[in-house]
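Take a look at the structure set out below.
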Amino acid sequence: MQIAFIGLGHMGGPMAVNLQKAGHGVAAFDLSQQACDKFAAAGLTIAASAQAAVQGAQVVISMLPASRHVQALYLGASGEGGLLAHIAPGTLVIDSSTIAAATSQQVGKAANAAGLDFIDAPVSGGTGGAIAGTLTFMVGASLAQLERARPILEKMGSNIFHAGNVGAGQTAKICNNMLLGILMIGTSEAIALGVANGLDPQVLSEIMRRSSGGNWALEKYNPWPGVQENAPSSKQYAGGFGTDLMLKDLGLAQENAGAVQAATPLGGLARSLYAMHSMAGHGGLDFSSIVKSLQKRGD
Ligand code: NAD
Numbered sequence: 552m553q554i555a556f557i558g559l560g561h562m563g564g565p566m567a568v569n570l571q572k573a574g575h576g577v578a579a580f581d582l583s584q585q586a587c588d589k590f591a592a593a594g595l596t597i598a599a600s601a602q603a604a605v606q607g608a609q610v611v612i613s614m615l616p617a618s619r620h621v622q623a624l625y626l627g628a629s630g631e632g633g634l635l636a637h638i639a640p641g642t643l644v645i646d647s648s649t650i651a652a653a654t655s656q657q658v659g660k661a662a663n664a665a666g667l668d669f670i671d672a673p674v675s676g677g678t679g680g681a682i683a684g685t686l687t688f689m690v691g692a693s694l695a696q697l698e699r700a701r702p703i704l705e706k707m708g709s710n711i712f713h714a715g716n717v718g719a720g721q722t723a724k725i726c727n728n729m730l731l732g733i734l735m736i737g738t739s740e741a742i743a744l745g746v747a748n749g750l751d752p753q754v755l756s757e758i759m760r761r762s763s764g765g766n767w768a769l770e771k772y773n774p775w776p777g778v779q780e781n782a783p784s785s786k787q788y789a790g791g792f793g794t795d796l797m798l799k800d801l802g803l804a805q806e807n808a809g810a811v812q813a814a815t816p817l818g819g820l821a822r823s824l825y826a827m828h829s830m831a832g833h834g835g836l837d838f839s840s841i842v843k844s845l846q847k848r849g850d
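The sequence shown begins at 552 in our numbering and counts up by one.
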């Protein structure tokens with residue numbers, strides 16, 4: 552199957568590579584020349600533009616930073632002249648970016664009007680999951696659209712959940728990331744408290760991992776440098792999931808909570824703490840670097 556893949560960042564690049572490894576033809580594109588060069592070196596065929604990438608494609612996948620990028624790509628900057636007009640009717644469009652559910656529904660409606668199938672399929676699992684092909688997909692689609700997408704998603708992920716209709720994948724994703732943002736702050740706070748009392752962060756992390764405080768951050772993504780060799784914390788917080796992307800997701804969760812009048816006190820506090828962390832100049836670092844704002848100098 553011929554696939555157009557738009558957005559070759561930390562996540563999209565490795566996902567496109569996995570599709571090609573699985574035997575699909577992939578025409579890839581990113582606005583950043585640096586990203587194109589990096590993945591051309593990894594063996595991907597780079598198209599001259601997004602319009603060129605979708606020529607002859609049966610499936611189009613996008614993996615972009617935020618709502619405004621997805622709107623600009625598919626609908627065009629002024630609401631007209633976007634990529635949708637260049638995609639052949641009958642094509643399946645899968646957007647895996649984490650964006651507002653309302654934006655997924657807006658783009659989905661325009662795609663349907665152009666005779667296209669559109670689904671939202673945001674992911675969880677981080678850059679490690681993107682490289683290993685073990686992502687979790689949270690899909691907003693009809694059952695028929697989900698089954699159409701499943702063989703493609705299975706080449707990039709190992710868990711595929713049907714959350715509901717278009718937009719529902721995004722809602723599930725922001726609920727998950729709000730919880731993750733809160734968990735990362737709580738985990739950081741607990742380790743910092745232990746270290747301030749003279750405990751070894753490695754020993755304390757292991758105690759909590761196997762006790763009732765055990766969670767994903769302690770399992771796979773420990774925020775304290777040196778505790779887990781492969782975690783971003785042990786690589787000066789480079790790569791991984793950026794603080795500004797977490798801030799975006801916590802903002803989406805708050806917008807959504809406002810719209811349905813839900814109480815999300817810890818989600819609101821977490822958003823403010825990540826905003827302060829970003830304003831302190833850490834927006835480009837992995838989100839687990841939030842521990843820096845809780846660590847005593849010298850610990
Ligand atoms: P990234 O910033 O590394 O990559 C995004 C890429 O999109 C960039 O290379 C950028 O140049 C490109 N781009 C933007 N607009 C474009 C356009 N119109 N046409 C072509 N390319 C365009 O981001 P990422 O870390 O890969 O994350 C992508 C999405 O996945 C985000 O919505 C993020 O919230 C979500 N996500 C990220 C992670 C993670 O661990 N990094 C995990 C789960 C979900």
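No residue lacks a Cβ here, since even glycine has one placed at the ideal position from N, Cα and C.
Mind checking whether residue i and residue j have CB atoms under 8 Å apart?
i: residue 821; j: residue 742; result: no
i: residue 634; j: residue 643; result: no
i: residue 641; j: residue 676; result: no
i: residue 843; j: residue 833; result: yes
i: residue 924; j: residue 655; result: Absent from the structure is residue 924, since the part of the chain shown begins at 552 and ends at 850.
i: residue 774; j: residue 785; result: no
i: residue 685; j: residue 708; result: yes
i: residue 628; j: residue 598; result: no
i: residue 657; j: residue 609; result: no
i: residue 700; j: residue 670; result: yes
i: residue 721; j: residue 673; result: yes
i: residue 605; j: residue 575; result: no
i: residue 558; j: residue 615; result: yes
i: residue 852; j: residue 845; result: A question about residue 852 goes unanswered here, because the residues of the chain that appear run from 552 up to 850.
State the Cα-Cα distance for the pair residue i and residue j, rounded to the nearest angstrom.
i: residue 797; j: residue 659; result: 24 Å
i: residue 757; j: residue 587; result: 40 Å
i: residue 759; j: residue 769; result: 8 Å
i: residue 561; j: residue 678; result: 6 Å
i: residue 816; j: residue 745; result: 26 Å
i: residue 617; j: residue 649; result: 6 Å
i: residue 738; j: residue 556; result: 36 Å
i: residue 689; j: residue 680; result: 14 Å
i: residue 601; j: residue 830; result: 33 Å
i: residue 585; j: residue 710; result: 31 Å
i: residue 763; j: residue 754; result: 15 Å
Quick one, which of the options has its alpha-carbon nearest residue i's?
i: residue 828; options: 759, 840, 656 and 578; result: 840
i: residue 594; options: 612, 582, 570 and 614; result: 570
i: residue 818; options: 739, 728 and 714; result: 728
i: residue 767; options: 750, 733, 572 and 746; result: 733
i: residue 850; options: 807, 765, 751 and 679; result: 751
i: residue 645; options: 722, 717 and 572; result: 717
i: residue 719; options: 647, 563, 816 and 802; result: 647
i: residue 805; options: 792, 755 and 651; result: 651
i: residue 793; options: 753, 554 and 836; result: 836
i: residue 572; options: 581, 620 and 703; result: 703
i: residue 581; options: 564, 780 and 771; result: 564
i: residue 611; options: 584, 589, 567 and 694; result: 567
i: residue 693; options: 783, 668, 802 and 812; result: 668
i: residue 725; options: 814, 807, 813 and 619; result: 807
Residue ranges of each beta strand (DSSP E) within the stretch 758 to 799, 3 or longer: If only uninterrupted beta strand (DSSP E) runs of at least 3 residues are considered, none is enclosed by the stretch 758 to 799.
Contained beta strand (DSSP E) runs [length at least 3] in the stretch 579 to 628, N- to C-terminal order: Entirely contained in the stretch 579 to 628, the beta strand (DSSP E) runs reaching 3 residues are, in chain order, 610 to 613.
Segments assigned beta strand (DSSP E), at least 3 residues, entirely inside the stretch 657 to 724: Inside the stretch 657 to 724, DSSP marks whole beta strand (DSSP E) runs of 3 or more residues at positions 668 to 671, 686 to 691 and 708 to 715, from first to last along the chain.
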